[in-house]
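Here is the structure we will look at, set down as structure tokens.
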Amino acid sequence: MTEDVVNVLSEFIAKDILKQPSRKINPQDKLISSGLIDSFHLVDLALFVEDNFGVHIDDAELNASVFDTLDELVALVNARKA
Amino acid sequence: MHEKPETLTFCRALQHLYCELPDRIAIYLQHAGQADRLITYRDLIHGAAAYEHALREQGIQSGEVVILILQHGSDLIFSFWGAILRGAIPSIMPFLTEKLLPERYRADLASLVDVTRPAAIITYAEFESEVRSALKPDSSVRTVMVTKAVGTPEQPDFETFGGMKRTPDDVVLLQHSSGTTGLQKGVALSHRAVFNQLRSYSQVLKLNHQDVIVSWLPLYHDMGLIAGFLMPILCAVPVVMMSPFDWVRAPQRLLQAVSHYRGTLSWLPNFAYNFCAHKIRDRHLEGVDLSSWRAISNCSEPVRYESHQMFLERFQAYGLRPEALATCYAMAENVFAVTQGGVDGPLTVDEIDREVFQTQWLAKPAVPERPSVKMVACGRPIPNVEVRILSSHGKELPERHVGEIALRSDCMLTGYYNRPDATEKAFLDGWYLTGDYGYMVNGELYVSGRKKDIIIVGGKNIYPQDLEELAMTVPGVHPGRVSAFGVFNEETGTEDVVIVAEVDTDDPEERERIAEGIREAVTRGSAIALRQAYIVGPHWLVKTSSGKNARTYNREKYLAEIAGRPWVMP
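Heads up: the sequence lines are chains A and B, in that order. Here our numbering is used: the first residue of the first sequence is 89, the next is one more, and so on. Here our numbering is used: the first residue of the second sequence is 585, the next is one more, and so on.
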């Protein structure tokens, strides 16, 4: 399950946010603090999570201190689904 | 703005507002996750007086520059007006963002300090060491003041304020655009210039006491500083201020604020229309009523007809009125507005023949069955501004001929601060050359392109040479063999940045590594995300006869190549 979520999110980030479909995002890659995900795309990530996993991420949570890697994002999603 | 124009200064205007309207709300200050803070003119002046006091104690004199490195919030607001009360010259510098490398930020700050020679910098205690590490031992900066050390709000004693001795022609503030190049060119504005702009522009806007301005724009940019901060405060029109960071993470906040406070006026860069239309869901708009919005001015990047349509279609069901769509052509060098459209009547749309426009520099009305472009008018010059369209030889052109936009007004910059060389270059016979291309029809201005190489991303001016410098730091990339330019993105409504780099290697993996290195260097060095780092072999880049990098040709060649079209140098 967790692995599926990682894959779905990784594919979304590579294809729809970075527009580099062949790019591999590692679960420990820094996404926000590294600047990989531009602030203009944080809202896309939140909407994608909400539409696909039914989990709401508040806009105040869209920063590196709440989650910065795919692993951390998946943990957040799983915690809220439980 | 009740005092006579001959003697009016910011400090005198504040004194008047403080005496006449102490309980009037000046600002509704929003922070995500917190209750809105209401700031009256009394609160504003008391908060500013504490900063004036601290600046005075630190020996900051009238006429000295104070740089503010603060995020959205009351510290930024109070310190700005505190510097004004002191008679000092405030200038707001963007705060360090997560993705920008601290080293790069320090280098930008150092280049700003070198040219502007500020006496003080105000920042947060947590950021003090960052700021200090950017300063050289012989720096002009005598004080790095931290917000925590500033006392509590206090009663003002206007007669003791250095600001009361400033005269209308003194410089009141500096505005910088971003990046190393932009930070070295501070636009210096006088009290008189700002008031002349506000008097003229508020008349065109029909600004009145029923108005409420709603803004998420950053204050280091002219649109946010003038339209979203100085104009409302000096004209006693309340402003709802939200953080650009909060808006970009939840764009619905803008519409919710308009609905809640019955907002009437906003200014937005073109991309924001697309951004709101695409990223706001119906569930964010429950109970939202936009019928109070009377003028939303598209400003600071090229206005797209499609962006307006998209915005209107998305939000009309929530009370957005078509006649609320407005446009503005503005620049810091003119304080702000040059032209304004859409307040008196609907916006004019001029449908022109695309090919004639591109090949003959003529905006000829479209004829059926030929490709056309819909141009949205930026309106007429505001009453104190004259606009001319000039040929490449500096001659005034007739209607519908495309040329460089030049302007003359009584609200022009005093000069680029400490840069007489740059100031002199900007004018031709008393006319300011904007570096933008456009044409006039029936007294209305249409902005159609740019002569200067600036790239505008989300309303922010980016100098391509800054990005090229960053790309050249990547191993395998050579000086002079890089070209950066903007490419319009239909979906986002703004420009994407592309960098083309010539490399010697044919190895695809090595090329991929270089491309990734360029992306990383540019993002961390400029906070700009590249659309593409396009790696090519030797002799790909087009050079002009002067040997200089010809960005326009490289852009065309790139666009042809990725579309699989042949391209020949014109």
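Using N, Cα and C, we set each Cβ at its ideal position, and we do this for glycine too. Predicted, not measured: the structure shown is a model, and the values here were computed from it.
Worksheet item: Is the Cβ-Cβ distance between leucine 1029 (chain B) and tyrosine 913 (chain B) less than 8 Å?
Response: yes
Item to complete: On a CA-only basis, which of B:Gly1077, B:Ile1119, B:Ala1068 is nearest glutamate 1093 (chain B)? Give me that one, please.
Response: B:Ile1119
Worksheet entry | 7 Å Cβ cut-off: residues of chain B touching alanine 148 (chain A) | Ala616, Gly617
Practice prompt. Closer than 8 Å, Cβ to Cβ, to anything on chain B: give me those residues from the region 98–123 of chain A, in chain order.
Written response: Lys107, Ile120, Ser121, Ser122, Gly123
Worksheet item: Hey, is alanine 834 (chain B)'s beta-carbon within less than 8 Å of any beta-carbon in chain A?
Response: yes
Worksheet item: Which residues bound the beta strand (DSSP E) around leucine 1084 (chain B)?
Response: The sequence given here has valine at residue 1084 (chain B), not leucine. Element bounds for valine 1084 (chain B): 1078–1086.
Practice prompt. Could you tell me if cysteine 860 (chain B) is buried or exposed, where buried requires 16 or more neighbouring beta carbons within 10 angstroms of its beta carbon?
Written response: buried
Fill in: Expected contact under 8 Å - CB spacing of valine 872 (chain B) and glutamine 924 (chain B) to nearest Å
Contact doesn't hold; Cβ gap of about 26 Å is too wide.
Discussion item. Using the three-state DSSP reduction, which class does phenylalanine 1069 (chain B) fall into: helix, strand or coil?
Written reply: strand
Practice prompt. Enumerate, from N- to C-terminal direction, the unbroken alpha helix (DSSP H) stretches of 4 or more residues contained entirely within the region 700–762 of chain B.
Written response: 712–717
Worksheet entry | Boundaries (first-last residue) of the alpha helix (DSSP H) holding glutamine 836 (chain B) | 836–845
Fill in: Among B:Asn780, B:Phe779, B:Leu757, the one whose alpha carbon lies nearest that of glycine 770 (chain B)
B:Leu757
Discussion item. Quick check on this structure: which residue in B:Pro930, B:Arg626, B:Val730 has the alpha carbon closest to the alpha carbon of serine 713 (chain B)?
Written reply: B:Val730
Item to complete: Return helix, strand or coil for aspartate 1091 (chain B), following the three-state DSSP convention.
Response: coil
Practice prompt. Just the C-alpha distance for valine 824 (chain B) and valine 1061 (chain B), rounded to the nearest angstrom, thanks.
Written response: 47 Å
Worksheet item: Grouping DSSP H, G and I as helix and E and B as strand, with all else coil, what is tryptophan 621 (chain B)?
Response: The displayed chain sequence assigns arginine, not tryptophan, to residue 621 (chain B). Here arginine 621 (chain B) sits in strand by DSSP.
Worksheet item: Does DSSP put serine 875 (chain B) in a helix, in a strand, or in coil?
Response: coil
Worksheet item: Using the beta-carbon count (16 or more within 10 Å), is glutamine 836 (chain B) buried or exposed?
Response: buried
Worksheet entry | Extent of the continuous beta strand (DSSP E) run through cysteine 995 (chain B) | Taken as a continuous stretch (DSSP letters only), cysteine 995 (chain B) belongs to no beta strand (DSSP E), as it is neither H nor E.
Practice prompt. Note the first and the last residue of the continuous alpha helix (DSSP H) segment covering valine 94 (chain A).
Written response: 90–100
Worksheet item: Does the Cβ-Cβ distance between proline 853 (chain B) and cysteine 819 (chain B) come in under 8 Å?
Response: no
Practice prompt. Under 7 Å Cβ to Cβ from glutamate 604 (chain B), same chain only, skipping five residues before and after it: list those, please.
Written response: none
Worksheet entry | CA nearest to the CA of glutamate 687 (chain B), picked from B:Ser1110, B:Trp1151, B:Ala1117, B:Leu1125 | B:Ser1110
Fill in: Integer-rounded CB distance, given that isoleucine 125 (chain A) should sit under 8 Å from leucine 135 (chain A)
With a Cβ gap of about 13 Å, leucine 135 (chain A) and isoleucine 125 (chain A) do not count as contacting.
Worksheet item: In chain A, what lies closer than 7 Å to threonine 1107 (chain B) by C-beta?
Response: Gly123
Item to complete: Closer than 7 Å by C-beta to asparagine 151 (chain A): which residues in its own chain qualify, once you throw out the five before and the five after it? Chain order, please.
Response: Ile120
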